[in-house]
Structure formats: C-alpha cells, structure tokens
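*Asks:* One structure, pasted below without further comment.
Protein chains: 2
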Amino acid sequence: MKFEVVCNRCGKKCDKNKWDWKCSCGGAFDIVCDLKGKSFVVNRREESMKRYGEFLPVDPDIRMLPEVRVGWTPTIRKNIEGVNANFKLEYLNPGGSFKDRGAWVSMAKALELGSKGVVVDSSGNSAIGFALMGLISGIEVHVFVPARAPRGKINLLKLLKARIHMVKGDRMEVNRAALDYESDELLYMGHWWNPYFLEGVKTMAYESYEQMGSVDYVFSPVGSGSLLLGLYKGFRELVELKALRSMPCIIAVQASGYSKICRELGASDLDLEEKSKLADGIAIEDPPRRDQIVRAVKDTGGSGIIINDREIKESLIELRRSGFIVEPTSAVVYAAFTKIKSIPRGSKVLLPLTGSGLKVIDDLVEIETG
Amino acid sequence: MKFEVVCNRCGKKCDKNKWDWKCSCGGAFDIVCDLKGKSFVVNRREESMKRYGEFLPVDPDIRMLPEVRVGWTPTIRKNIEGVNANFKLEYLNPGGSFKDRGAWVSMAKALELGSKGVVVDSSGNSAIGFALMGLISGIEVHVFVPARAPRGKINLLKLLKARIHMVKGDRMEVNRAALDYESDELLYMGHWWNPYFLEGVKTMAYESYEQMGSVDYVFSPVGSGSLLLGLYKGFRELVELKALRSMPCIIAVQASGYSKICRELGASDLDLEEKSKLADGIAIEDPPRRDQIVRAVKDTGGSGIIINDREIKESLIELRRSGFIVEPTSAVVYAAFTKIKSIPRGSKVLLPLTGSGLKVIDDLVEIETG
C-alpha cells in the first residue's frame, strides 16, 4: 500500500525507512494511506489480519510478518432491550487482547527496518502483544511496566521471554523510563505514539464491517486512545473506500479519576477524587494523543462517559453470566452501554471486549470476594 | 434428531426421559443416532456448535440451550517437515478448553430434564465448562476436584459460582466422591460416563471436516477418553453420512505413568515409574471406557504413544514460540507429533490444542523456571 507518515501537528513528513517515534515539533505521527481509486477488497482465504494486507503499511512479503494468527475474532449478537448489541471477542486474540493487532503490524515494521529490538511501555496487554510477536520473530522486546501491574500479566511476560523493566510510579513515569531507554538499536514502539500500532488496530473496524455491515454506535475504552483512534481510522477508511456511507457515532469510555478526555467531551466525573483501582488498562492521566482523540469523537457526533469501580465490578459479573470471561478494564464498555440512556431502540452497536480474564483470575477473585 | 441411548456392553436401551449415568450391567451408555437417509447439512449462519443442531441429541428449541458461543474454533495450518499439520485452537472456547463442547450439550439435556443441579468430577477444565454453562443457565453445578488441581482453575471455578468439593487423593477417588454425592435431584454428568458429553465433543470432528476436508491422522490426548471417543464418533458419523469416504487414523496420546491404554495398544512406557506431574488433565489411571477407547483406535488402524514430562515441557515452549499459549496437558499432542516417525510426508494431520495456558500462568512459570 502507498502511504506517508505525517506529523498530525505540523504536517511534516517522516522518512519511512527511518524510525522516529515523535516529530521534532513534539507532535505525533499518523499514517496517511493513499486509497485513491481503491475499493475494499480483502483476501478471503485468510482468516486473520492478513486478509487486509492491501491496506496495511507493511511489506506484503509474508516472510516479514510474524507467523501467528491475529484478528478475525468472533462477534456475538445479543438483543439487549431492543438494541442490537454486538460483542467483539478481542480477548480471543493469541496474546489475550486486541493489542496483538497493533503489535503485529509494529513488529512487522521492526523486521522491515532490520531492528535488533524494540522498547515498549505498557500496563500489561500491549507488552504481552509485543513480547509474543518478539518471541515468534526472534526480536528482543524490552517492556517497561508499572510495578503494580497484575502479577498474572508479569508472569506471562516472563514466559514470553520479554526483558522486563519494572518501574515504580504511575503510568506516566513508566512511559518516561521507556523513552530514556530507547536508542538507535532499540526502537521505541510504545502504542501511545506509534502510528503503526493504530494501523493494526484499525483492522477491527474492517472486521466489524465484514461481520455485520454498518453500525450506528461504537463504544471504546480510552487509555492512551489506541483502540479509539484505530477504530476511528478504520471506519474513516471504509467511508473513503465507499464501503460505508457514514461514520458510526463513537462513544469514549474512561474510568473515574482518569477521565480528562471524557470531561473535555462534556461528561462529569462524580468520582474524580476516587481514582479507579480496577481499570488498570486505561489508568492513564494524560495521553499524548488527547487532542486527536477528542477531535475524533466530536467528528463522529459522539460523546464521553465515565465509569466507576462499582459499575465495573457489576458489569464484569454480568458479562461472565453471558459467557464472557474478561478482565476488569474490558468491562467498562458494557457498563457504559447499560448506563447510557440515549441509544435508540433498533440501533446496531459495537462493543469490543478487549482483554481476557483468564490472565488475571486471582485478581478477579480478590475483587469479587475481597 | 432421532436417537437411542444404548448400553455398549449389554445392548440395553435407556429411557431418554430419565437419567441413568450407568447401565445396571455396569456398562457405559452410548448415544446411537439414526442417520438413515440423512446427509451432512449444517446451519451455516451459526458460527458455533449450533450449526450442528440436526445431529445433536437435544431439544432444538433454542431456549433450552445455554446461550453462549461454543465451538467453531479456528484451525491454523503449518507445514512441518512436509506434513500438513492443522492445529485446532480448542483453547479459545469460552471456558478455555474443548470440554465446553461436552458441557454445553450435557447442560442442555439437564435443562430438558428439568433438573435442579448436576454433579461432575474433573481435574479442572470439564468442571469449568459445566460451571460456565450452569452460571449461564441458572443450574446448580457441584464440582468434585482433586485438592492438587491448579489454583488458577480452582479460582476460576469460584468466579463461575460452582459449588466446589475438594477431594484429597487421586483422580479415581475424586470420581468415587462425586458418585457418592449424586441423587435424584442432582444428576451425575461427569464426562467419564456421560454419553451426551461425547455428543458435544464430536462436533470438533464436524468442524475439522468443514474447515479442511478429510484428514489422514488425528492426534488425541487420552485421559478419560472423552476427546478421543468424541472425535471417533464424529468422524464415524461423517462416514455414515457419506461426507467422508474413510476414517482418519487416530493416535492416542497418554502421559507416562498414566499409559494403560497406549500400552494395550503396544506402546512401551519407559518412564512408567515416574508418573507425569505436568499432564494433570489426563492423569487418570483407569478410565471406565478403556476397552471402548482401545477398540476405537484399533478400528482406525491407529496406535498409542506415551509422552514424558521432559517432552511436555519442550513441546510447551515450542508451541508458545508459534503463538499458542496452552496448558501443559495440551502439549502432549505436539510432543507426540514430533516424536512419531511414521507420518508420511504430504499427510494431513489434525492436532487439537485442548486447553488455555492463560488459566495456569503461575504453574507454567514454575515449570519452566523452577
């Protein structure tokens, strides 16, 4: 695919054959795909992200892609009070979360650049995605994680042979430590900045379209915003490719205490002082792509909604009763769906379930019995 | 579907509207489907076991089936030294193992019978399948598990609201305790005996056929034999339905120290005295359907192969390098595939990966670093 890497603040183009994680002006890079004259043609023989090779910014030479099946996750439809709710089981990806999508494309880029290793920062799932791709591809993966990340996730990183760097402090400090560590040999590919990561995530929108046509509403948890921005880009491209007539309305979901974006979107955080302890995957004070996220939501006519720990817990239990064993962070989406009153009956809604609960069984028991 | 429940020892028929877990002669019941004049027609709109409603011994009324997506798991093809190896990712079922298939059909039967609750015995995964179906259907599930079952699995059972009964002793003693507990109100549905369980598992053979046509070899771990017998029955029915011309050759895989069936099939257990500690899912001394399993394997021209803990460990690590995060028991299949020398190049092979590694991350870390 023809594409350019462009700073979304100053418009400067980045050399595709070099790796810059940030523009010299301080802005983040985006990938701009040249879709002129193209239509949405997929490789139907592939039941994975590989079916979208035409729309990904990586060498289509199959030898350069990590050999693992990512994506093409099932979608389960439920009629909930007259709304056509579609749960997308992203937690069935090989590393147990949607982050595998972004890690897959990013690692393909790292292979293309001939890099020796990569550095990422993560609360867990993104690191797991990268570690898995590294294990498969033979590329060194340095992961910076908060010391308080769930033990199940840290242990999984060990099994995947990641080089683990534990950082005391909040998620912002983990990010700084990772940035300090990167070098010419070790590329910083953290999903907060990395535009290739978003290209991986956008395939979820493509799949949603293939599996159920157009949708009216999309609920997206927002931490760094990689899920929301990936979905936004995927749907935008489907419109550009004339597969879809219009964009779905995107609802940003944040956890109490980590709600800057939703507050900018007009939501009020009644539990602002009581920071969420359960939504570890989206406990990010101030993500670098904040303005971009707010713009994306507004562009779709969407809004923001804030979920507290009580709502997360209730939603977790209810999801499990429907057969979805997910992690606490993933439950915010369903909590938001049941909380919001403005979804008209008859609407079609996409609810991505982002991360597996099987990785954090001990924590779930503690949350629910403790 | 028309069917009968028949004792596979004395031929006596069991009343379908009552629940007997064992024939008065001591034999186990089988379900005999009436497939006369039928062909293999599936409901293509359903991407789950529901597509095989025509061939399942349960009320097709959808309200009687636990509302959860079981089955239709992906199959990943790899060329391994000239053999077309197909990994079926059974660990992506909602409860994290193929046992969900058997539990789904069994629980549908329990609902049909209007039962208040069920009793099962299990080393973990089967109990998890039943507990999940119970949680979804509102039926009480009593699970009897060995006290030394992996903690992750026990904790998951707690989350699924199972009534847990821990039993000290080996898997045979756990079985006796469960049988002592069953009553007219609480049906014993353990997978060692329960023929409805096998009906659920047989759908894996159906899917294998739909996803890749005929196969030459099928590798199956054998504990109680529910996987092997389910696969055998599924493939037999496909032959009867004229979808397949002939049966694949079934290779039974057991763990050292728990190898009675494979030894009967002519394999020698060099590590007989050193009982496997890793293959907790198949550590069963003497399963009640032993003769039936041996007959099934022989009928396909198959054989047995025994795997020790060193081989399990190596295979686990190698599978993970291919992106498959599975539990130790699941690794025996790949270990057997690499150990056996008699698979001709060009053969098509089915390798079910039975259980998720995400449930037992702590144990995996201990095994691999301890």
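If you're matching them up, the sequences are chains W and A in order. Every position in the first sequence, counted from 1, becomes a number in my numbering once 905 is added. Every position in the second sequence, counted from 1, becomes a number in my numbering once 905 is added. For every residue, glycine included, the Cβ atom is placed at its ideal position computed from N, Cα and C. None of these values were measured; they are calculated from a predicted model.
Would you kindly work out how many angstroms separate the C-alpha atoms of Gly1251 of chain A and Asp1121 of chain A, rounded to a whole number?
*Replies:* Within the second sequence, residue 1251 of chain A is the residue found at index 346, counting from 1. Within the second sequence, residue 1121 of chain A is the residue found at index 216, counting from 1. So the two alpha carbons sit approximately 10 Å from each other.
*Asks:* Against Lys1264 of chain W, what residues of chain A qualify as contacts under a CB-to-CB distance less than 7 Å, listed in chain order?
*Replies:* Sequence index remark: in the first sequence, residue 1264 of chain W carries index 359 (1-based). Result: Leu1263 and Ile1266.
*Asks:* Does DSSP put Ala1241 of chain W in a helix, a strand or coil?
*Replies:* Walking along the first sequence from the start, residue 1241 of chain W turns up at place 336. Ala1241 of chain W: helix per DSSP, three-state reduction.
*Asks:* Can you give me, in chain order, the residues of the segment 1022–1053 of chain A that have a beta carbon less than 7 Å from any beta carbon in chain W?
*Replies:* Those residues of the segment 1022–1053 of chain A that come within reach of chain W (Cβ to Cβ, closer than 7 Å) are Leu1037, Leu1040 and Ile1041.
*Asks:* Only counting runs of 3 or more residues, tell me where the beta strand (DSSP E) segments fall wholly within the segment 1122–1198 of chain W, in order along the chain.
*Replies:* As far as the segment 1122–1198 of chain W is concerned, its whole beta strand (DSSP E) runs of at least 3 residues are 1122–1126 and 1154–1160.
*Asks:* So for Met906 of chain W, helix, strand or coil by DSSP?
*Replies:* As a position in the first sequence, residue 906 of chain W is number 1, starting the count at 1. Met906 of chain W: coil per DSSP, three-state reduction.
*Asks:* Going by DSSP, what residue range makes up the alpha helix (DSSP H) through Thr980 of chain W?
*Replies:* In the first sequence, residue 980 of chain W corresponds to position 75, counting from 1. No alpha helix (DSSP H) holds Thr980 of chain W; the beta strand (DSSP E) holding it covers Thr980 to Ile985.
*Asks:* With a cut-off of 8 Å on the beta carbons, I'd call Ala990 of chain A and Phe1242 of chain A a contact; round off their distance for me.
*Replies:* As a working note, residue 990 of chain A is residue 85 in the second sequence. As a working note, residue 1242 of chain A is residue 337 in the second sequence. Confirmed, Cβ separation roughly 7 Å.
*Asks:* Just the chain A side, please: which residues come within less than 8 Å of Val973 of chain W by C-beta, in chain order?
*Replies:* Residue 973 of chain W sits at position 68 when you count from the first residue of the first sequence. Simply Ser1227 and Gly1228.
*Asks:* Just to make sure I have the definition right: I need the residues of chain A whose C-beta is within less than 8 Å of the C-beta of Glu1273 of chain W. Which are they?
*Replies:* Locating residue 1273 of chain W in the first sequence gives position 368, where the first residue counts as 1. Within 8 Å Cβ-Cβ: Leu1064.
*Asks:* Name the chain A residues whose beta carbon is nearer than 9 Å to that of Asn1060 of chain W?
*Replies:* Position 155 of the first sequence holds residue 1060 of chain W. Those are Ile1266, Asp1267, Leu1269 and Val1270, listed as they occur along chain A.
*Asks:* What did DSSP end up calling Pro1257 of chain A once you bin it into helix, strand or coil?
*Replies:* As a working mapping, residue 1257 of chain A is identified with position 352 in the second sequence. Strand.
*Asks:* From the beta carbon of Ile936 of chain A, is the nearest beta carbon of chain W less than 8 Å away?
*Replies:* Counted from its first residue, the second sequence places residue 936 of chain A at position 31. It does not; no Cβ of chain W falls within 8 Å.
*Asks:* Which residues, in order along the segment 988–1006 of chain A, keep a beta-carbon less than 7 Å from a beta-carbon of chain W?
*Replies:* Within the segment 988–1006 of chain A, the residues whose Cβ lies closer than 7 Å to some Cβ of chain W are Leu997, Pro999 and Gly1001, listed in chain order.
*Asks:* Ser1161 of chain W to Ala1184 of chain W, Cα distance in whole Å?
*Replies:* As a position in the first sequence, residue 1161 of chain W is number 256, starting the count at 1. As a position in the first sequence, residue 1184 of chain W is number 279, starting the count at 1. Rounded to whole angstroms, Ser1161 of chain W to Ala1184 of chain W spans 9 Å at the Cα level.
*Asks:* To the nearest whole angstrom, what separates the beta carbons of Thr1108 of chain W and Gly1000 of chain W, a pair I think is in contact under 8 Å?
*Replies:* Stepping through the first sequence from its first residue, residue 1108 of chain W is reached at position 203. Stepping through the first sequence from its first residue, residue 1000 of chain W is reached at position 95. 15 Å between Cβ atoms; not a contact.
*Asks:* Using the C-alpha atoms, what's the distance from Arg1195 of chain W back to Cys912 of chain W?
*Replies:* The count along the first sequence starts at 1 and reaches residue 912 of chain W at position 7. The count along the first sequence starts at 1 and reaches residue 1195 of chain W at position 290. Their backbone Cα atoms lie some 15 Å apart in a straight line.
*Asks:* Given Pro1101 of chain W, which residues of its chain have a CB within under 6 Å of its CB, disregarding the five upstream and five downstream residues?
*Replies:* Here residue 1101 of chain W corresponds to residue number 196 of the first sequence, with the count starting at 1. Residue 1101 of chain W is actually Tyr in this sequence, not Pro. Contacts found: Val1010, Ser1011 and Lys1014.
*Asks:* Between W:Leu1064, W:Leu1256 and W:Gln1159, which lies nearest to Thr978 of chain W when the distance is taken from Cα to Cα?
*Replies:* In the first sequence, the residue the question calls residue 978 of chain W occupies position 73. Looking at the Cα atoms, W:Leu1256 is the closest of the given residues.
*Asks:* What does Glu1219 of chain A reach in chain W if we use C-beta pairs closer than 8 Å?
*Replies:* Indexing the second sequence from 1 puts residue 1219 of chain A at position 314. What Glu1219 of chain A touches in chain W: nothing, since even the nearest Cβ is about 14 Å away.
*Asks:* Please tell me whether Ile1248 of chain A has its Cβ less than 8 Å away from any Cβ of chain W.
*Replies:* Walking along the second sequence from the start, residue 1248 of chain A turns up at place 343. Chain W contact via Cβ: absent.
*Asks:* Comparing alpha-carbon positions, which option in W:Leu997, W:Arg1225, W:Ile1155 and W:Ala1240 lies nearest Asp1204 of chain W?
*Replies:* Taking the first sequence and counting its residues from 1, the one referred to as residue 1204 of chain W is at position 299. It is W:Ile1155.
*Asks:* Name the two residues that bound the continuous beta strand (DSSP E) containing Pro1051 of chain W.
*Replies:* Along the first sequence, one-based indexing puts residue 1051 of chain W at 146. Residues Glu1045 to Pro1051.
*Asks:* Expressed to the nearest angstrom, what Euclidean distance is found between the alpha-carbon atoms of Cys1167 of chain A and Gly1209 of chain A?
*Replies:* As a position in the second sequence, residue 1167 of chain A is number 262, starting the count at 1. As a position in the second sequence, residue 1209 of chain A is number 304, starting the count at 1. Cα to Cα, Cys1167 of chain A sits roughly 4 Å from Gly1209 of chain A.
*Asks:* Are the CB atoms of Gly1095 of chain W and Asp1026 of chain W nearer to each other than 8 Å?
*Replies:* Along the first sequence, one-based indexing puts residue 1095 of chain W at 190. Along the first sequence, one-based indexing puts residue 1026 of chain W at 121. Yes; because the gap between Cβ atoms is below 8 Å, this pair is in contact.
*Asks:* State the beta-bridge partners of Met969 of chain W as determined by DSSP.
*Replies:* Here residue 969 of chain W refers to the residue found at position 64 when the first sequence is read from its first residue. Note: Met969 of chain W sits in no beta bridge, so no partner.
*Asks:* What residue does the beta strand (DSSP E) around Tyr957 of chain W start on, and which one ends it?
*Replies:* Counting from 1 along the first sequence, the entry for residue 957 of chain W is found at position 52. Neither: Tyr957 of chain W is in no beta strand (DSSP E) and is coded neither H nor E.
*Asks:* Measuring only between beta-carbons, confirm whether Ile981 of chain W sits less than 8 Å from chain A.
*Replies:* Your numbering for residue 981 of chain W matches position 76 in the first sequence. At least one chain A Cβ lies under 8 Å of Ile981 of chain W.
*Asks:* Would you list the residues sitting across from Met1071 of chain A in a DSSP beta bridge?
*Replies:* Taking the second sequence and counting its residues from 1, the one referred to as residue 1071 of chain A is at position 166. Looking at the DSSP assignment, Met1071 of chain A forms a beta bridge with A:Val1050.
*Asks:* Under the rule that 16 or more other beta-carbon atoms within 10 Å means buried, what is Arg949 of chain W, buried or exposed?
*Replies:* Within the first sequence, residue 949 of chain W is the residue found at index 44, counting from 1. The residue in question, Arg949 of chain W, is exposed, as its Cβ has fewer than 16 Cβ neighbours within 10 Å.
*Asks:* Which of the three DSSP states, helix, strand or coil, is assigned to Val1024 of chain W?
*Replies:* As a first step, residue 1024 of chain W must be located in the first sequence, where it is residue number 119. Correct three-state label for Val1024 of chain W: strand.
*Asks:* What residues in the segment 950–961 of chain A bring their beta carbon closer than 7 Å to a beta carbon of chain W?
*Replies:* Within the segment 950–961 of chain A, the residues whose Cβ lies closer than 7 Å to some Cβ of chain W are Glu952, listed in chain order.
*Asks:* Since Leu1018 of chain W and Ala1036 of chain W are thought to touch, with beta carbons under 8 Å apart, how far apart are those beta carbons, to the nearest angstrom?
*Replies:* Within the first sequence, the letter at position 113 stands for residue 1018 of chain W. Within the first sequence, the letter at position 131 stands for residue 1036 of chain W. Contact doesn't hold; Cβ gap of about 19 Å is too wide.
*Asks:* To the nearest angstrom, how far is the alpha carbon of Lys923 of chain A from that of Met1117 of chain W?
*Replies:* Along the second sequence, one-based indexing puts residue 923 of chain A at 18. Along the first sequence, one-based indexing puts residue 1117 of chain W at 212. When rounded, the distance between both Cα atoms is 42 Å.
*Asks:* Comparing C-alpha positions only, which one of W:Leu970, W:Glu1045 and W:Arg956 sits nearest to Arg1068 of chain W?
*Replies:* Numbered from 1 along the first sequence, position 163 holds the residue referred to as residue 1068 of chain W. Answer by Cα proximity: W:Glu1045.
*Asks:* Between which two residues does the alpha helix (DSSP H) harbouring Tyr1101 of chain W extend?
*Replies:* For this step, residue 1101 of chain W is matched to residue 196 along the first sequence. It spans Pro1100 to Val1106 - the alpha helix (DSSP H) in which Tyr1101 of chain W sits, taken as one unbroken run.
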